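Notes follow once the structure below has been shown.
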Amino acid sequence: NPNCKVYGVQAEGAGSMYQAFRDKKLESLDKVNTFADGIAVKAPGDVTFDMVSKYVDDIVTVSDEETAAAILTLMEKEKVVSEGAGAVSVAAVLFSKLPVEGKKVVCVVSGGNIDVNILARVITRGLIKTGRRAELTIELLDKPGQLVEVASIIASLGANVTKVDHNNTVQNTDINGCYLTIQIETRNFEHIEEIRAKLMEKGFKLV
Numbered sequence: 016n017p018n019c020k021v022y023g024v025q026a027e028g029a030g031s032m033y034q035a036f037r038d039k040k041l042e043s044l045d046k047v048n049t050f051a052d053g054i055a056v057k058a059p060g061d062v063t064f065d066m067v068s069k070y071v072d073d074i075v076t077v078s079d080e081e082t083a084a085a086i087l088t089l090m091e092k093e094k095v096v097s098e099g100a101g102a103v104s105v106a107a108v109l110f111s112k113l114p115v116e117g118k119k120v121v122c123v124v125s126g127g128n129i130d131v132n133i134l135a136r137v138i139t140r141g142l143i144k145t146g147r148r149a150e151l152t153i154e155l156l157d158k159p160g161q162l163v164e165v166a167s168i169i170a171s172l173g174a175n176v177t178k179v180d181h182n183n184t185v186q187n188t189d190i191n192g193c194y195l196t197i198q199i200e201t202r203n204f205e206h207i208e209e210i211r212a213k214l215m216e217k218g219f220k221l222v
């Protein structure tokens with residue numbers, strides 16, 4: 016159907032076809048860097064390049080963080096476990112890499128071969144990319160009650176503390192001070208900014 020647009024998506028760290036499509040000639044990358052190993056190739060094949068040149072309207076790239084967010088979205092919304100190479104099409108739509116707003120779109124999710132250890136890291140990256148996990152570093156006085164106050168502010172705004180690191184040996188802080196690094200579970204980026212604003216309103220210095 017000539018009315019259908021066909022788009023290709025590659026990882027930013029392995030955009031061999033993306034580059035070849037734009038330069039209209041086959042080229043080879045010096046290296047590739049992406050967890051989407053199914054598309055981590057230095058050079059496209061001759062036949063594939065000819066087919067893409069004939070039928071594909073455009074090619075875009077997505078970052079590994081965007082791909083991770085797409086994998087997480089597929090798991091949560093569609094109950095589908097996708098590998099990185101399979102989720103890049105969804106990532107391109109989620110992060111507005113393609114002119115498809117208001118149009119009917121089909122994303123080909125082409126594989127589910129992902130290692131569970133990688134999947135755990137991908138989920139974490141996806142949560143960070145979508146504003147549902149954050150890390151705050153606060154410079155404060157090293158005295159009793161400070162951690163409780165910070166945790167109380169975070170809890171009052173509906174966020175959950177998952178990890179705390181207290182460091183009073185950092186050289187670029189006051190001798191009576193410390194750095195408090197807190198990992199939190201949040202709803203979105205607006206929620207993170209709300210927490211940051213409240214902490215600063217209460218006199219805490221965010222690094």
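Residue numbers (the working numbering): 16 to 222. All C-beta atoms in this analysis are idealised placements derived from N, C-alpha and C, irrespective of residue type, glycine included. Computed from a predicted structure; not experimentally measured.
Which residues does DSSP list as the beta-bridge partners of asparagine 16?
Along the sequence shown, read from residue 1 onward, the residue named residue 16 stands at position 1. None, per the DSSP bridge assignment.
Should proline 59 go down as buried or exposed, given a rule of 16 or more other Cβ atoms within 10 Å for buried?
Position 44 of the sequence shown, counted from the first residue, corresponds to residue 59. The residue in question, proline 59, is buried, as its Cβ has 16 or more Cβ neighbours within 10 Å.
If proline 76 sits next to alanine 26, beta carbons under 8 Å apart, how far is it from one beta carbon to the other, in whole angstroms?
As a position in the sequence shown, residue 76 is number 61, starting the count at 1. As a position in the sequence shown, residue 26 is number 11, starting the count at 1. The sequence shown places threonine at residue 76, rather than the proline named in the question. Indeed, because the Cβ distance is near 7 Å, the residues count as touching under 8 Å.
Given that a residue counts as buried once 16 or more other Cβ atoms are within 10 Å of its Cβ, and exposed if not, what is cysteine 193?
The count along the sequence shown starts at 1 and reaches residue 193 at position 178. Looking at its Cβ environment, which holds 16 or more other Cβ atoms inside 10 Å, cysteine 193 is buried.
Please determine, among Lys39, Ala149, Ile153, Lys213, the residue with the shortest C-alpha to C-alpha distance to valine 67.
Locating residue 67 in the sequence shown gives position 52, where the first residue counts as 1. Nearest option by C-alpha distance: Lys39.
Is lysine 158 helix, strand or coil when you go by DSSP?
By one-based count along the sequence shown, residue 158 stands at place 143. Of the three classes helix, strand and coil, the one that applies to lysine 158 here is coil, per DSSP.
Determine the direct distance from the alpha carbon of alanine 212 to that of valine 222, and round the result to whole angstroms.
Position 207 of the sequence shown, counting from 1, holds the residue named residue 222. Position 197 of the sequence shown, counting from 1, holds the residue named residue 212. Distance between the alpha carbons of valine 222 and alanine 212: 13 Å.
The region 175-185 in contact with the region 202-212 per 3-pair CB rule at 8 Å
no
Only counting the same chain, and skipping five residues up and downstream in sequence, which positions put a Cβ closer than 8 Å to that of serine 43?
To locate residue 43, count along the sequence shown from 1; it is residue 28. So the list reads Ser31, Lys57, Ala58, once near-sequence residues are dropped.
Classification of glutamate 216 by the beta-carbon crowding that lies within 10 angstroms, buried from 16 upward:
As a working mapping, residue 216 is identified with position 201 in the sequence shown. Label assigned to glutamate 216: exposed.
At 4 residues or longer, what runs of the alpha helix (DSSP H) sit wholly inside the region 108-144?
131-144
Hey, would you say isoleucine 199 sits closer than 8 Å to isoleucine 168, going by beta carbons?
Counted from its first residue, the sequence shown places residue 199 at position 184. Counted from its first residue, the sequence shown places residue 168 at position 153. It is not a contact, given that the beta carbons lie outside the stated cut-off.
Excluding five sequence neighbours on each side, which residues of the same chain lie with their C-beta closer than 6 Å to the C-beta of glutamate 71?
As a position in the sequence shown, residue 71 is number 56, starting the count at 1. First, the residue type needs correcting, since residue 71 is valine and not glutamate in the sequence shown. Same-chain partners within the cutoff: Val21, Gly23.
Leucine 14 burial status per 10 Å Cβ neighbour count (16 or more: buried)
Here the chain has residues from 16 to 222 only, and residue 14 is not among them.
Does the contact criterion of 3 or more C-beta pairs under 8 Å hold for the region 145-164 versus the region 116-129?
no
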